[in-house]
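Per this note's numbering, residue 63 is the first one in the sequence shown, and the count goes up by one each step. Glycine is no exception: its CB is placed at the ideal position from the N, C-alpha and C atoms.
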Amino acid sequence: MPNLKEDFDSLVAKTSLSDGVDRRTFMKTALGTGFAAAVLPVTAQTVIKTDSEGLTAGALDIEENGLSVPIYRAQPEGKTNLPVVLVVSEIFGVHEHIADIARRFAKLGYLAIAPNLFKRQGDPAAFASIPELYVNVISKVPDDQVLGDLDACVAWAKKNGGNVNKLAVTGFCWGGRITWLYASHNPKVKAAAAWYGGLVRGKDPEGKTEAEIKALTPKQPVDIAATLKVPVLGLYGAKDQGITQDHVAQMKAALAKGSSKSEIVVYPNSGHAFNADYRPSYVEADAKDGWKRVLAWFKEHGAS
63 MPNLKEDFDS LVAKTSLSDG VDRRTFMKTA LGTGFAAAVL PVTAQTVIKT DSEGLTAGAL
123 DIEENGLSVP IYRAQPEGKT NLPVVLVVSE IFGVHEHIAD IARRFAKLGY LAIAPNLFKR
183 QGDPAAFASI PELYVNVISK VPDDQVLGDL DACVAWAKKN GGNVNKLAVT GFCWGGRITW
243 LYASHNPKVK AAAAWYGGLV RGKDPEGKTE AEIKALTPKQ PVDIAATLKV PVLGLYGAKD
303 QGITQDHVAQ MKAALAKGSS KSEIVVYPNS GHAFNADYRP SYVEADAKDG WKRVLAWFKE
363 HGAS
């Protein structure tokens with residue numbers, strides 16, 4: 063996985079929670095709560111906490127299109143005809159940070175859905191390191207499964223107070239890559255925002271044949287960029303050691319061949335995961351600017 067080194071670097075720093083605390087103390091005990099063991103210690107002083115006052119929020123299992131998908135859902139209490147946003151997690155799954163982002167959208171009037179896209183492969187919270195998590199869960203997740211689960215979320219939203227004519231998707235790291243792919247997969251998406259999602263194929267997982275790799279991840283964002291119809295806002299860090307500026311340049315060139323009107327913003331002072339307020343990689347100024355850009359992007363393209 064190309065971002066492993068950056069993920070490791072972001073976990074090195076000591077925090078107020080790093081001494082004398084069992085790494086599993088803050089593990090996710092239910093969807094949308096706690097933090098996965100692989101991201102500990104948490105940088106508690108920068109964690110953003112959004113309350114659920116005025117919201118209907120929490121975990122539930124949905125049954126759609128023959129699929130069962132656990133989700134964390136947040137929406138304004140008692141309201142319908144809501145714009146819908148899919149929130150696609152990092153490799154760490156739907157933990158407290160992702161649930162908080164869903165609540166932030168709900169406070170602005172969205173039906174926000176953060177699905178557990180790793181259910182069939184395992185629980186990301188159960189692994190104490192990123193390499194373990196990647197080998198045992200992430201490397202086994204096929205794109206087709208993920209895209210189908212997201213389709214199921216959209217179908218459920220349509221029946222449960224969501225206006226899927228105002229559909230948006232956003233994702234982070236692993237979820238950022240999926241955001242690009244889902245914008246290509248589902249033409250009903252009005253707008254998308256990909257936060258530091260992989261753009262080109264990185265180093266292939268050891269032990270897999272080329273056929274197995276293509277079956278799991280047949281395309282990368284750069285492969286679909288020229289034919290993309292949905293406007294995607296890409297948010298990247300110039301100091302990202304995994305998603306390099308060469309990768310970004312390749313993506314920009316591919317997008318220029320199409321007509322999606324997608325844009326990529328690069329923050330000079332940020333590396334990978336600059337929006338992850340629970341990690342040392344967090345860059346407050348760029349995270350706040352990115353959030354404002356996403357909201358304006360969704361509004362501009364009819365997804366709010």
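Check, Outcome
"Coarse secondary structure for Ile240, derived from DSSP in three states", "helix"
"Span of the alpha helix (DSSP H), counted from its first residue to its last, around Asn198", "Ile192 to Asn198"
"Bounding residues of the beta strand (DSSP E) (the contiguous stretch that carries Leu122)", "Leu117 to Glu126"
"Three or more C-beta pairs below 8 Å linking the region 147 to 155 and the region 117 to 126", "no"
"Residues bridged to Trp257 (per DSSP)", "Phe234 and Leu297"
"Proximity below 9 Å, CB of Ala230 to CB of Ala256", "no"
"Gly320 and Thr289 closer than 9 Å at C-beta", "yes"
"Ala245 classed as buried or exposed, judged by whether at least 16 other C-beta atoms fall within 10 angstroms", "buried"
"CB contact flag (Phe180, Ala335, <9 Å)", "no"
"Same chain, Cβ closer than 6 Å to His309, five either side skipped, listed in chain order", "Leu261 and Val262"
"Given Ser130 as reference, the closest of Glu152, Ile192, Ile160 and Val208 once Cα atoms are compared", "Val208"
"Helix, strand or coil at Gly210 according to DSSP, with G and I counted as helix", "helix"
"Cβ contact check for the region 277 to 295 and the region 320 to 329: 3 or more pairs under 8 Å", "yes"
"Three-state secondary structure (DSSP) of Ala338", "coil"
"Which of helix, strand or coil DSSP assigns to Arg165", "helix"
"The region 157 to 164 / the region 188 to 207 touching (three or more Cβ pairs under 8 Å)", "no"
"The region 300 to 317 contacting the region 339 to 350, beta-carbon criterion three pairs below 8 Å", "no"
"Beta-carbon separation (whole angstroms), Ser322 vs Lys291, contact threshold 8 Å", "6 Å"
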